[in-house]
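Residue numbers (the numbering used here), protein chains in the order written: chain F, 3 to 339; chain P, 616 to 972. A short worksheet on the structure shown next.
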Amino acid sequence: MTSTKGRSGRGRARGAAAVLAAGVLVLGACSGSGGKKAEERESKAAGGASGPRLKIAMVTHSGPGDTFWDIVQKGARAAAAKDNVEFLYSADPDGGKQAQLVQAAVDKKVDGIVVTFAKPDALKDVVARATAARIPVVSINSGADVSARYGAVAHFGQDEAIAGEAAGREMARIGAKKALCVIHEQGNVGLEDRCAGARKTFGGQMQNLFVQGTNMPQVKSSITAKLQADKGVDGVLTLGAPFAATAVDSAKEASSDAKVGTFDMNKDLIDAVKDGRIWFAVDQQPYLQGYEAVDGLWLLKHNGNVLGGGRPVLTGPAIVTKANAAALEGFASRGTR
Amino acid sequence: MGHAVAQPPRPPEPAPSPADDERLARRSPVRRLLGRPELGALLGAVAVFAFFSVAADAFLQASSFSTVLYASSTFGIMAVGVSLLMIGGEFDLSAGVLVTTSALIAALVSYQLTLNVWAGVVVSLVLTLLLGMVNGLLYVNTGLPSFVVTLATFFMLAGANLGVTKAVTGNVATDSVRDMDGFDSARAVFASDVDLAGVNVNVTVFWWLLLVAAATWLLLRTRTGNWIFAVGGAAASARAVGVPVARTRIGLFMGVAFCAWLSGMHLVFAFATVQSGEGVGNEFFFIICAVIGGCLLTGGYGSAIGAAIGAFIFGMTNKGIVYAEWNPDWFKFFLGAMLLIATVVNLIVRRRVERAP
């Protein structure tokens, strides 16, 4: 403290002024209203996160190391960071095990659960248990048809048949007459739907070809073999980004002029689309599925909002061609598109 | 040393004729040929080849044949190492993901440290061989079945492939090494096409044939080959007569690792980026190739040439179904049926040979 003891009158007056000045300074530094802090507080209440930290679990049917689900997770984590949400991710391709993981999330009493209905029957009961425990469930990616019936409040995904139809139109647009639809995982309903949708709008002839997706040399040699066996094939539609680049190699090897289009995206693919090696990509925007699911649950908890009106919210198909590839390049190279 | 011709020990035969000692009996060249482990596989290969020649129009073109050879070689390179290991009496279930691990190491090291890709190739060779050695040491030191030890390393490698790739790159695939120094020369060595009388043959086919020749020489013309048969046939007896059992086994696991490295380098330089989730499940195809080719699951019997023929049958079937343009929904059914036929032909031939006086 400032001491004024033993000083002259003038000194005393000067001391009082100093105290006053110091007081003003201190008061100014600790303003109780307005200023930056208030701005931060306000922005938290309005757009950013406020209230208690939420815990949201996402349980998908992804196998390990899948590019697609990596992007979904990135979207979900981005929303979680913005919304002050603790985000938990787990996955198992086996329906029964996926149900166990959902049960684990229910046991943990999380504030919301995001699931994929790839095997709807396996998840039906456990999702009912979650809603009974008043934990809101949102579904993403697969199961648009069962989502509302099984008690999910919203669904964010791509309708595979609609996306397939878009791909079929693209194949027709690039001038293919006889095309292959390369299925990289046998028995996957979503992939079959894509091919069926594409066949519907394509107009020309379209055949399915099975390849073993976990073995790239086999993917390559199988597509090569097919192109050698049937010289009339002038279009190849792959259902995952890594297979598109391989299909281009195969066409070169079989000296075929087949034009390649694909589902899904990655950063190498966008270069190939820019250079014209691959003609188009049908993107279902996985980032959006992860982001919207987490953000949707946050909105429900904080403002009671529900998106979609009980109907699936479509995150795709978004078509990427030479025309818009350059604009998306930056996003793809950081692994979020 | 190493000039004793090793006739692979044949599987237990019915009681020998009492009059003469069959071990001393001279056998005609025809009988000797029939006694080879790869004969059944060869007949199976001829049968499959004849079948697809008739069933698929495009199968007999030279360019189709080179595609079949390429497919066979990608299985066949691994089948060489795996068949030697099986003759030595062991399995390696980590072989499929080890290929991916090896490819990931090369791609990650070259890209992240911005090195010439050949540096990545060398680092990958050293680390992959070390991983093979770890498999071998774990097996030799714990005494657990190799099935269990390599199942554990299979899971660990599959997890590490994903975990490390994601930690380093932030994505689940490696960054492209296509525009880096040394890529073109490395591609020429591991993944180029060689023009052979107008037909493009992938360089992996030559690597495959070279490995088969080397493995066959090792098995039949060297002391190490004798050790491999002895270790796989009767490890205790082999140890008793002074065969370095542990060293032979570790060497065999490292042999598999070497083949995995070669296959991994093909992955890197053929496709430039490596998906970290690849390779799971392929280990069984390698074992199948070796078994079709006459290797016994119990060890002590088999040949590298047989495994090569097994890989060829597998490649022919795999691509023949595509050339034949059969309904793709049934692809795996046809694949299984063709393999069954090939193995049964193999079995019948071998039984006949064994039964003949």
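Beta carbons: idealized from backbone N, C-alpha and C, even for Gly.
DSSP puts residue 910 of chain P in a beta bridge; with which residues?
Walking along the second sequence from the start, residue 910 of chain P turns up at place 295. Looking at the DSSP assignment, residue 910 of chain P forms no beta bridge with any residue, so it has no partner.
Listed in chain order, which residues of the region 775 to 806 of chain P have Cβ atoms closer than 8 Å to some Cβ of chain F?
776, 777, 780, 781, 785, 786, 787, 788, 791
If I follow the unbroken beta strand (DSSP E) through residue 91 of chain F, where does it start and stop?
As a working note, residue 91 of chain F is residue 89 in the first sequence. Run containing residue 91 of chain F: 87 to 93, per the beta strand (DSSP E) assignment.
Taking 8 Å as the threshold (C-beta atoms), are residue 876 of chain P and residue 739 of chain P in contact?
Taking the second sequence and counting its residues from 1, the one referred to as residue 739 of chain P is at position 124. Taking the second sequence and counting its residues from 1, the one referred to as residue 876 of chain P is at position 261. The answer is yes: Cβ separation under 8 Å.
What whole-angstrom Cβ distance do residue 243 of chain F and residue 268 of chain F have, given they're in contact under 8 Å?
On the first sequence, residue 243 of chain F is found 241 positions in, with the first residue counted as 1. On the first sequence, residue 268 of chain F is found 266 positions in, with the first residue counted as 1. Confirmed, Cβ separation roughly 4 Å.
Going by other Cβ atoms of all chains shown within 10 Å of its Cβ, with 16 needed for buried, is residue 324 of chain F buried or exposed?
The count along the first sequence starts at 1 and reaches residue 324 of chain F at position 322. Under this definition residue 324 of chain F is an exposed residue.
Tell me whether residue 258 of chain F is buried or exposed, calling it buried when 16 or more other Cβ atoms sit within 10 Å of its Cβ.
Within the first sequence, residue 258 of chain F is the residue found at index 256, counting from 1. Result: buried.
Just to confirm, are residue 695 of chain P and residue 769 of chain P a CB contact at a threshold of 8 Å?
Indexing the second sequence from 1 puts residue 695 of chain P at position 80. Indexing the second sequence from 1 puts residue 769 of chain P at position 154. No, the pair does not count as a contact, with Cβ atoms beyond the cut-off.
Taking just the CA atoms, how far does residue 318 of chain F sit from residue 146 of chain F?
As a first step, residue 146 of chain F is located in the first sequence; it is residue number 144 there, counting from the start. As a first step, residue 318 of chain F is located in the first sequence; it is residue number 316 there, counting from the start. If I take the Cα positions, the gap works out to 13 Å.
Pull the bridge partners of residue 58 of chain F from the DSSP assignment, please.
Against the first sequence, residue 58 of chain F aligns to sequence position 56. In the DSSP output, where bridge partners are listed per residue, residue 58 of chain F has F:89, F:114.
Go ahead and pull the three-state DSSP assignment for residue 776 of chain P.
As a first step, residue 776 of chain P is located in the second sequence; it is residue number 161 there, counting from the start. If DSSP states are grouped into helix, strand and coil, residue 776 of chain P belongs with the helices.
Which residue comes first and which comes last in the alpha helix (DSSP H) that contains residue 126 of chain F?
Here residue 126 of chain F is taken as the residue at index 124 of the first sequence, counted from 1. 122 to 134 is the extent of the alpha helix (DSSP H) around residue 126 of chain F.
Please report the distance separating the alpha-carbon of residue 99 of chain F from that of residue 122 of chain F.
If you number the first sequence from 1, residue 99 of chain F lands on position 97. If you number the first sequence from 1, residue 122 of chain F lands on position 120. Distance between the alpha carbons of residue 99 of chain F and residue 122 of chain F: 13 Å.
With DSSP run on the structure shown, which of helix, strand or coil describes residue 208 of chain F?
The count along the first sequence starts at 1 and reaches residue 208 of chain F at position 206. Residue 208 of chain F: strand per DSSP, three-state reduction.
Going by other Cβ atoms of all chains shown within 10 Å of its Cβ, with 16 needed for buried, is residue 943 of chain P buried or exposed?
On the second sequence, residue 943 of chain P is found 328 positions in, with the first residue counted as 1. Buried, since its Cβ has 16 or more Cβ neighbours within 10 Å.
From residue 138 of chain F to residue 339 of chain F, what does the alpha carbon distance come to, in whole angstroms?
Within the first sequence, residue 138 of chain F is the residue found at index 136, counting from 1. Within the first sequence, residue 339 of chain F is the residue found at index 337, counting from 1. Spanning the two alpha carbons is a distance of roughly 28 Å.
Sorted by chain position, which residues of the same chain lie with C-beta nearer than 6 Å to residue 331 of chain F's C-beta, five sequence neighbours on each side aside?
For the purposes of this step, residue 331 of chain F is taken as residue 329 along the first sequence, with counting starting at 1. 272.
Note down, in chain order, all residues in the region 197 to 230 of chain F with a beta-carbon under 7 Å from any beta-carbon belonging to chain P.
210, 211, 212, 216, 217, 218, 219, 220, 223, 224, 226, 227, 228, 230
DSSP beta-bridge partners for residue 237 of chain F?
In the first sequence, residue 237 of chain F corresponds to position 235, counting from 1. Beta-bridge pairing links residue 237 of chain F to F:181, F:261.
Residues in the region 160 to 189 of chain F with C-beta within 7 Å of chain P's C-beta atoms, listed in sequence order?
188
Please list, in chain order, all residues of the same chain as residue 653 of chain P whose beta carbon is under 7 Å from its beta carbon, the five residues on each side excluded.
Position 38 of the second sequence holds residue 653 of chain P. 908, 909, 918, 920, 921, 924.
Does DSSP put residue 316 of chain F in a helix, in a strand, or in coil?
Your numbering for residue 316 of chain F matches position 314 in the first sequence. Three-state DSSP puts residue 316 of chain F in a strand.
DSSP three-state call for residue 11 of chain F: helix, strand or coil?
Taking the first residue of the first sequence as 1, we reach residue 11 of chain F at position 9. Low confidence applies to residue 11 of chain F: its pLDDT is 45, below 50, so where it sits in the model is not reliable, and the reading given next is rough at best. Helix.
Report the partner residues of residue 157 of chain F according to the DSSP bridge assignment.
Here residue 157 of chain F refers to the residue found at position 155 of the first sequence. Looking at the DSSP assignment, residue 157 of chain F forms a beta bridge with F:141.
Answer yes or no: does any C-beta atom of chain P fall closer than 8 Å to that of residue 244 of chain F?
Translated into the one-based positions of the first sequence, residue 244 of chain F becomes position 242. Yes, because at least one Cβ of chain P sits closer than 8 Å to the Cβ of residue 244 of chain F.
Which bits of chain P does residue 72 of chain F rub up against, with CB to CB less than 8 Å?
Stepping through the first sequence from its first residue, residue 72 of chain F is reached at position 70. Taking a Cβ-Cβ cut-off of 8 Å, the neighbours of residue 72 of chain F in chain P comprise 781, 786, 787, given in sequence order.
Using a 10 Å radius around the Cβ and a threshold of 16 neighbouring Cβ atoms, would you call residue 899 of chain P buried or exposed?
The residue labelled residue 899 of chain P in the question sits at position 284 within the second sequence. Flag for residue 899 of chain P reads exposed.
For the alpha helix (DSSP H) holding residue 217 of chain F, just list the boundary residues, first then last.
Translated into the one-based positions of the first sequence, residue 217 of chain F becomes position 215. Per DSSP, residue 217 of chain F belongs to no alpha helix (DSSP H) and is neither H nor E.
May I ask you to report which of helix, strand or coil DSSP gives residue 811 of chain P?
As a first step, residue 811 of chain P must be located in the second sequence, where it is residue number 196. Here residue 811 of chain P sits in strand by DSSP.
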